[in-house]
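Working notes, beginning with the structure itself.
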Amino acid sequence: MTLIIPIDDISHPDYPIRPDHINPFRHFYLAFGKAEPEIVANVIVRLSHDLGGWKPFTEDQYKLYCQDHSYSNRWSLGWLIDSGQVVKGPDGLCRATHQMIIRCFWSSPYWLPDELNFRL
880 MTLIIPIDDI SHPDYPIRPD HINPFRHFYL AFGKAEPEIV ANVIVRLSHD LGGWKPFTED
940 QYKLYCQDHS YSNRWSLGWL IDSGQVVKGP DGLCRATHQM IIRCFWSSPY WLPDELNFRL
């Protein structure tokens with residue numbers, strides 16, 4: 880039996896890309912076209928790894944994570960919210976989107992050896 884899940888249902892337990900599939904120790908080159916949103920996405924991947932998956936988070940959780948891990952306060956979630964890569968719901972919780980996740984994975988998958996993990 881084949882399990883079919885909506886491709887963008889990142890909360891589903893069988894969603895194929897987990898935070899630990901993405902290498903956050905590399906910059907997400909060319910994932911979003913600018914360094915700032917790529918850094919914000921990197922922080923979200925790290926935060927999601929610590930949360931144990933693609934779980935919703937508040938802006939305050941994000942800011943506290945940045946503060947606790949010595950990230951600059953200037954890395955605003957607005958970079959990704961404005962572009963639709965992160966969605967802030969009416970409940971005030973922020974959620975990574977499938978589009979953000981695949982961009983990060985494409986840019987820096989964990990399973991590639993260092994000599995193959997590059998972009999021209």
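Going by this note's numbering, the sequence shown opens with residue 880, and the numbers climb by one from there. No residue lacks a Cβ here, since even glycine has one placed at the ideal position from N, Cα and C.
Taking a 10 Å sphere around the C-beta of Gln946, we find fewer than 16 other C-beta atoms and assign the residue as exposed.
In the structure shown, the three-state DSSP call for Lys967 is strand. Per DSSP, Ala975 is not a residue of any alpha helix (DSSP H); the beta strand (DSSP E) it occupies stretches across Cys973 to Ala975. Per DSSP, Ser927 is one residue of the alpha helix (DSSP H) stretching across Ala914 to Leu930. Close CB contacts of Tyr941 within its chain, under the 8 Å cut and outside five residues either way in sequence, are with Val922, Ile923, Leu926, Leu956 and Cys973 (chain order). By the criterion of a C-beta distance shorter than 7 Å, Cys983 is surrounded in its chain by Ile901, Phe907, Ala910, Ala920 and Val924, once the five residues flanking it on both sides are discounted.
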